[in-house]
Ligand SMILES: Nc1ncnc2c1ncn2[C@@H]1O[C@H](COP(=O)(O)OP(=O)(O)OP(=O)(O)O)[C@@H](O)[C@H]1O
Ligand SMILES: [Mg+2]
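Chains as they are written, first to last, in the numbering used here: chain A, 81 to 429; chain B, 34 to 382.
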């Protein structure tokens with residue numbers, strides 16, 4: 081089912097936490113709401129669920145306006161960050177609770193609960209209480225409780241954030257697989273860009289309650305529209321250097337870098353991803369720098385180099401080694417450059 | 034075990050099981066002494082109920098069958114000769130404390146739930162206008178002899194007119210915290226302060242010396258305690274549980290009965306026990322509000338000190354012994370609910 085947010089705003093008293101948010105989620109899509117802490121992701125999700133009132137704008141689910149509808153009439157299921165399992169009910173009762181409210185027969189409930197429990201590998205735990213489960217198991221109970229209803233939309237608020245790194249990776253794959261199998265429209269909130277990149281069909285990046293960009297993981301990474309998006313996505317973050325553009329030549333300290341574009345601006349920002357840079361001998365390359373630190377990450381070495389305008393991170397060969405403070409050059413393909421306006425942060429093409 | 038500092042040895046004693054024998058003897062002697070110290074008054078009351086007047090007056094005797102010959106005369110007097118009075122007071126006490134407790138726990142916990150979950154923001158000015166119009170109505174009826182129906186109607190009309198006309202000139206609002214404090218503040222002054230108005234009120238409606246009058250008074254007097262305790266308790270239930278139930282399709286009422294109530298068992302049990310004990314032991318208000326028909330046990334206890342025969346310690350002891358029984362029974366019934374860890378497993382790890 082589709083979910084459409086139309087010019088949604090939200091204020092808590094005088095504080096405006098969501099600004100005219102427009103969002104269209106397609107049928108069967110896995111949409112990730114990504115943003116830093118306090119950017120309004122949870123608020124947006126809770127408004128879709130009906131747990132938070134709408135200050136302005138409208139929300140429709142499957143073409144039906146639900147702006148003022150009660151949560152129970154929206155046919156959405158939510159997985160809370162804290163799981164929100166009913167501590168006095170067993171795992172089976174927790175999962176079957178939505179069905180019990182829908183007044184299904186006892187045997188029918190049992191069948192469906194067993195079905196879903198199978199899918200998330202909880203069959204052996206149906207008689208336990210939440211307090212007797214591990215974090216990952218609790219998380220799966222929460223998921224199963226949401227799945228059992230076959231809702232129109234899944235809403236998930238950082239469902240993996242309480243898990244340890246290894247389990248998180250595992251559950252991420254599980255989630256993706258499950259969503260693809262069920263084909264249920266899913267809106268997923270996270271502040272973890274790895275989750276966003278791996279899970280999403282499309283990522284909506286929020287900052288201070290404003291939508292920055294809505295695009296597929298690939299194009300939000302390759303084609304950021306603003307400096308903010310460029311720096312938010314990617315690890316390490318995109319290298320940026322302040323300078324000026326004159327007839328397509330970027331001035332970074334004493335270096336002059338041809339950008340291949342005929343742009344001019346007294347205040348511009350140049351962006352370069354770490355994997356698009358190469359370390360070359362001093363004097364060669366396009367930017368002069370001084371080696372600051374080497375870190376062996378595993379399959380590559382992360383080189384930090386000091387330029388005339390701040391530090392650059394460069395992904396180098398695993399075998400790369402050079403003494404501290406050695407003079408080096410940074411080379412790259414001008415095609416891979418990003419240019420932004422210095423004051424507005426907008427991309428310059 | 035590492036060497037412990039003097040302060041640790043003084044204030045963080047090792048587990049009793051791990052102590053050397055000498056220490057163990059000292060610790061157990063102290064514990065035994067304290068137990069005896071605490072239980073002695075109860076023991077004393079118990080044996081006194083079997084003593085004759087001579088045994089009581091001729092100096093302390095401690096051990097039945099050895100020090101003195103136990104007799105059932107006091108028990109006979111209260112349960113054979115005066116059984117009607119005793120039984121009446123007993124049933125009065127039971128009826129009154131049960132109903133008063135039920136009433137105040139029912140109303141108080143609903144109020145507490147509302148305060149814990151719903152934001153109230155009444156305007157301070159409106160409350161002021163309301164109080165002023167009520168005072169005006171009272172003055173009109175009391176001093177100028179206006180018909181009370183007319184006065185009420187006019188007061189309500191004036192109130193609505195004034196808040197409409199003046200409403201936009203004041204902005205200060207009260208919050209839930211203010212309401213809660215106001216309710217608790219009703220208990221800061223001892224109830225004895227209002228005992229005369231309460232007496233006159235029930236006199237004017239002809240309810241003196243009835244169960245109803247005492248039940249209502251006790252319920253109201255204990256309301257702040259119930260609200261205070263239950264407010265804290267409801268606050269401690271994660272709101273996600275209720276939100277999750279709403280999304281699962283539950284109505285507000287169902288959420289309350291399915292989720293909130295089972296999770297508040299411990300709090301309700303503790304509050305019920307406390308309020309019941311307060312009502313069971315209450316003396317002063319009962320003294321004013323009952324003369325004969327509705328007399329409660331504490332009044333009966335006090336009555337043992339009133340006759341021309343001096344203080345009837347033995348009879349008083351009998352009454353006290355039977356008074357303790359229901360409280361102990363209630364404590365045993367309710368204590369299994371007052372278990373900790375009710376909310377374990379609801380949220381996070
Ligand atoms: N009930 C509330 N009353 C007042 N302000 C609120 C309320 N709920 C949220 N806010 C504010 O709204 C902003 C967005 O909050 P929200 O919970 O949506 O952030 P988030 O993006 O989910 O952050 P996080 O990643 O930390 O969960 C925050 O600045 C927060 O302080
Ligand atoms: Mg959040």
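Using N, Cα and C, we set each Cβ at its ideal position, and we do this for glycine too.
Since this is a predicted model, take the numbers as computed values, not measurements.
Where residue i sits in the DSSP three-state scheme
i, result
"residue 82 (chain A)", "coil"
"residue 371 (chain A)", "strand"
"residue 51 (chain B)", "helix"
"residue 159 (chain A)", "strand"
"residue 98 (chain B)", "coil"
"residue 278 (chain A)", "helix"
"residue 154 (chain A)", "coil"
"residue 371 (chain B)", "coil"
"residue 132 (chain B)", "helix"
"residue 208 (chain A)", "coil"
"residue 361 (chain A)", "strand"
"residue 176 (chain B)", "coil"
"residue 387 (chain A)", "strand"
"residue 126 (chain A)", "helix"
"residue 319 (chain A)", "strand"
"residue 427 (chain A)", "strand"
"residue 344 (chain A)", "coil"
"residue 416 (chain A)", "helix"
"residue 219 (chain B)", "coil"
"residue 34 (chain B)", "Reliability fails at residue 34 (chain B), whose pLDDT of 44 lies under 50, so the model's placement of it is uncertain and the value that follows must be treated cautiously. Looking at residue 34 (chain B) - three-state DSSP - the assignment turns out to be coil, as it is neither helix nor strand."
"residue 83 (chain B)", "coil"
"residue 392 (chain A)", "strand"
"residue 376 (chain A)", "strand"
"residue 172 (chain A)", "helix"
"residue 106 (chain B)", "helix"
"residue 145 (chain A)", "strand"
Chain-order list of residues whose beta-carbon lies under 8 Å from that of residue i (same chain, five-residue window excluded)
i, result
"residue 154 (chain B)", "206, 207 and 208"
"residue 132 (chain A)", "90, 123 and 126"
"residue 244 (chain B)", "125, 128, 129, 132 and 327"
"residue 328 (chain A)", "338, 339, 340, 341, 342, 343 and 344"
"residue 75 (chain B)", "357"
"residue 179 (chain A)", "188, 189, 192, 193, 228 and 229"
Contact set for residue i: own chain, Cβ-Cβ below 7 Å, skip 5 residues either direction
i, result
"residue 165 (chain A)", "174, 210, 218, 221 and 222"
"residue 151 (chain A)", "129, 130 and 131"
"residue 319 (chain B)", "247, 329, 331 and 332"
"residue 226 (chain A)", "157, 158, 159 and 234"
"residue 241 (chain A)", "161"
Status (buried if at least 16 other CB within 10 Å, exposed otherwise) for residue i
i, result
"residue 272 (chain B)", "exposed"
"residue 418 (chain A)", "buried"
"residue 83 (chain B)", "buried"
"residue 183 (chain A)", "exposed"
"residue 337 (chain B)", "buried"
"residue 325 (chain B)", "exposed"
"residue 229 (chain B)", "exposed"
"residue 286 (chain A)", "buried"
"residue 335 (chain A)", "buried"
"residue 55 (chain B)", "exposed"
"residue 92 (chain B)", "exposed"
"residue 308 (chain B)", "buried"
Neighbourhood of residue i by C-beta distance below 6 Å, restricted to the same chain and skipping five residues each side
i, result
"residue 278 (chain B)", "288 and 292"
"residue 203 (chain B)", "158"
"residue 400 (chain A)", "381"
"residue 236 (chain A)", "159 and 268"
"residue 387 (chain A)", "367 and 369"
Going along the chain, which residues of the stretch 254-285 of chain B sit with their C-beta nearer than 8 Å to a C-beta in chain A? 271, 273, 274, 276, 277, 278, 279, 280, 281, 282, 283 and 284
Ignoring anything shorter than 4 residues or poking outside the stretch 242-315 of chain B, list the alpha helix (DSSP H) runs there in chain order. 244-268, 272-280, 285-288 and 298-314
At a CB distance below 9 Å, what residues from the stretch 286-302 of chain B approach chain A? Give them in sequence order. 287, 291, 292, 295, 296 and 298
Give, in chain order, every residue of the stretch 144-162 of chain A whose Cβ lies closer than 7 Å to some Cβ of chain B. 151, 152, 156, 157, 158, 160 and 162
In chain order, which alpha helix (DSSP H) runs of at least 4 residues are fully inside the stretch 215-280 of chain A? 215-227, 245-262 and 273-279
At a Cβ cut of 8 Å, what residues of the stretch 171-192 of chain A count as close to chain C, listed as they run along the chain? The question asks about chain C, but that chain is absent: this structure's protein chains are A and B.
Interface positions of the stretch 118-147 of chain A facing chain B (Cβ-Cβ less than 7 Å), listed along the chain: 129 and 131
At a Cβ cut of 7 Å, what residues of the stretch 279-301 of chain A count as close to chain B, listed as they run along the chain? none
If contact means a Cβ-Cβ distance below 8 Å, which residues of the stretch 360-383 of chain A contact chain B? none
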